[in-house]
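Single-structure report; data block below.
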Amino acid sequence: MKSTPQKSHPNSSKPKRILGLDFGDKHIGLAISDPLGLTAQYLGKYTRGSTQEDLSYFQSLFVRFKIKEVVIGFPLSMNGQFNPRTEKTKEFARWLEKTFAKPVVLWDERLTTKQAQAILHEQKVDSRQRKK
Numbered sequence: 291m292k293s294t295p296q297k298s299h300p301n302s303s304k305p306k307r308i309l310g311l312d313f314g315d316k317h318i319g320l321a322i323s324d325p326l327g328l329t330a331q332y333l334g335k336y337t338r339g340s341t342q343e344d345l346s347y348f349q350s351l352f353v354r355f356k357i358k359e360v361v362i363g364f365p366l367s368m369n370g371q372f373n374p375r376t377e378k379t380k381e382f383a384r385w386l387e388k389t390f391a392k393p394v395v396l397w398d399e400r401l402t403t404k405q406a407q408a409i410l411h412e413q414k415v416d417s418r419q420r421k422k
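Just remember that our numbering sits 290 ahead of the position in the sequence shown, which is counted from 1.
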């Protein structure tokens with residue numbers, strides 16, 4: 291499992307589908323790259339169940355979309371320190387990697403919300419629409 295603060299994708303020379311996850315205790319946000327790995331589309335939100343239910347759900351995603359790699363938002367504190375959410379995310383990433391034998395990248399997500407807000411502001415998206 292890699293933990294990377296990089297700006298470009300580590301294996302961008304080979305086209306492949308990548309599953310993006312925003313991990314939470316109750317829900318996991320899902321996004322999938324296009325087959326060339328250029329754009330991502332929102333897939334929805336998965337409500338977590340038992341370990342067996344989680345296993346079945348993710349197995350079906352890997353098969354359906356031919357997932358080759360997983361990227362999980364890694365919620366470090368602003369000073370780069372680990373916190374309880376970071377530890378749980380890392381534990382989930384290890385489980386995915388071990389269970390499905392797929393590479394998992396932990397992506398440093400510090401300031402990503404601020405970056406997204408800045409882009410929406412530049413594009414003059416109404417503040418009421420930004421949260422939708």
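Idealized CB from N, CA, C, for every residue including glycine. Note that this is a predicted model, so its numbers are computed, not measured.
Span separating the alpha-carbon of residue i from that of residue j
i: residue 392; j: residue 380; result: 15 Å
i: residue 346; j: residue 352; result: 10 Å
i: residue 295; j: residue 368; result: Its pLDDT being 44, under 50, residue 295 is placed unreliably by the model, and the measurement read from it follows with that caveat. Going by the C-alpha atoms only, they are around 13 Å apart.
i: residue 297; j: residue 343; result: Since pLDDT at residue 297 reaches only 43, below the 50 mark, its modelled position is unreliable, and no value is offered.
i: residue 397; j: residue 376; result: 11 Å
i: residue 374; j: residue 314; result: 12 Å
i: residue 355; j: residue 364; result: 23 Å
i: residue 331; j: residue 414; result: 22 Å
Status (buried if at least 16 other CB within 10 Å, exposed otherwise) for residue i
i: residue 386; result: buried
i: residue 372; result: exposed
i: residue 412; result: exposed
i: residue 340; result: exposed
i: residue 350; result: exposed
Residue i versus the options, residue with shortest Cα-Cα distance
i: residue 235; options: 388, 309, 382; result: The displayed coordinates of the chain run from 291 to 422. Any statement about residue 235 would go beyond what the structure contains.
i: residue 357; options: 363, 412, 348; result: 348
i: residue 312; options: 412, 399, 350, 414; result: 399
i: residue 326; options: 339, 314, 307; result: 307
i: residue 366; options: 324, 378, 355; result: 378
i: residue 395; options: 383, 388, 389; result: 383
i: residue 390; options: 374, 363, 414, 359; result: 359
Practice task
May I ask you to verify whether the region 304-320 touches the region 330-338, counting CB pairs closer than 8 Å and requiring at least 3?
Solution key: With a cut-off of 8 Å, the region 330-338 and the region 304-320 count as touching, because enough Cβ pairs lie within range.
Practice task
Report the residue ranges of all beta strand (DSSP E) runs contained in full by the region 330-370; include only those spanning at least 3 residues, in chain order.
Solution key: Contiguous beta strand (DSSP E) elements confined to the region 330-370 occur at 330-337, 357-364, taking only those with 3 or more residues.
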